[in-house]
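Mapping to my numbering: the sequence shown position 159 is 173, numbers consecutive.
Working notes, structure below.
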Amino acid sequence: MRERSYRAAIREALLEAMSADERVFLLGEDIEYAGVYGVTKGLVDKFGCDRVIDTPIAETAIVGGAMGAALMGLLPVVEIQFADFIAAAMDQLVNMVAKYHYRTRTPLPLVIRAPAGAILSTHGSTGPFHSQNPEAWFAHTPGLKVALPATPYDAKGLLLAAIADMNPVLFLEQKALYNEKGDVPEGIYTVPLGQARLAREGNDLSIITYGAMLSPALRAADLLDGEVDVEVLDLRTIVPLDKEAVLTTARKTGKILIVHEATRTAGFGAELAALIAESAFEFLDGPIMRLSSPDAPVPAAPELAGYYLPDVNEIVTAVRRLSAY
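Okay, structure coming up:
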């Protein structure tokens with residue numbers, strides 16, 4: 015184990031995968047120059063422009079080209095500069111990439127990395143066009159896997175698992191986590207897609223979360239220690255979803271708070287609530303509650319940005335409200 019940042023863990027996964035298999039190559043906007051968040055820094059110096067391919071600003075062409083390369087036996091890893099911009103490649107991704115195996119029984123190994131979510135600072139946020147969390151769009155699309163790592167350990171292990179998978183995987187990197195540090199093993203290892211992690215054990219109430227909301231959920235649980243015994247489940251991936259882990263924690267505590275950064279209406283939290291209501295209703299001791307960002311674009315103004323994302327205090331308040339039910 016070594017301490018690595020979330021950003022460095024992802025870069026390490028790319029470096030090790032490319033070193034181990036010459037079929038792995040990268041393509042995306044500005045990745046030759048490290049990309050907006052520096053994830054691919056130095057990779058072109060090691061592997062050259064044939065394997066670290068800087069592309070035009072054309073998401074449809076990037077995803078379509080990667081699909082063709084995958085069908086020819088290569089292992090492309092695409093970087094979409096911001097997750098918001100993936101909308102430009104929606105037709106290729108949803109109607110072509112996701113459906114191809116079903117239509118032809120041909121494997122389609124393709125990873126699409128995309129920085130997602132908001133970054134808040136005293137100067138405001140990354141604003142409405144560079145801060146969205148589109149995971150619910152793709153959870154609704156059969157044929158795509160969706161990963162949202164919350165720790166450096168999982169960022170490396172899930173990305174290596176995604177590259178080795180013979181199916182298309184959307185790998186959403188949380189921008190707010192790029193500088194977060196944690197223990198990361200040296201060498202190649204994988205975290206299975208579809209296997210949630212119990213991040214904190216508890217008996218009174220469960221928080222189910224993923225991505226950037228794991229850290230504030232854990233901090234809130236620690237603040238409530240001695241008052242409410244909170245269990246925290248990190249989903250890691252939403253497709254495939256570890257349904258058994260979700261239902262196990264629901265049956266154990268009987269009270270569920272779902273926390274995610276994406277907007278509320280039709281967010282993935284609604285799917286989790288439906289699953290629990292259908293399969294663990296008799297174990298519940300209170301309503302299934304959701305805490306999310308409001309149904310509004312991410313504001314850029316500093317005066318508004320700080321009120322947008324769920325934070326530790328809001329999670330603590332929600333836990334106390336549900337616990338008292």
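Ideal Cβ positions, reconstructed from N, Cα and C, are used throughout, including at glycine.
Here E245 carries a strand assignment [DSSP, helix/strand/coil]. N217 is classed as exposed because its beta carbon has fewer than 16 other beta carbons within 10 Å across all chains shown. Nearest Cα to A103 within the set I76, S19, P166, P123: I76. Here the alpha carbons of G283 and K257 stand approximately 13 Å from one another.
In this structure, the CA atom of T251 is about 26 Å from the CA atom of G79. In the structure shown, S33 adopts helical secondary structure according to DSSP, grouped into three states. Per DSSP, the unbroken alpha helix (DSSP H) holding K113 starts and ends at 112 to 118. Distance between D44 and V58, taken at the CA atoms: about 11 Å. Rounded to the nearest whole angstrom, the C-alpha separation of Y114 and H274 is 30 Å. Taking the Cα positions, L238 is about 11 Å away from N327. Going by C-alpha positions, A264 is about 34 Å away from R16. Here M303 is bridged, per DSSP, to L271. Taking the Cα of G138 as reference, the smallest distance to any Cα among T262, D179, Y321 is reached at Y321. When beta bridges are read from the DSSP output, V125 appears opposite V91, V183. Residue range 159 to 161 is occupied by the beta strand (DSSP E) that includes V160.
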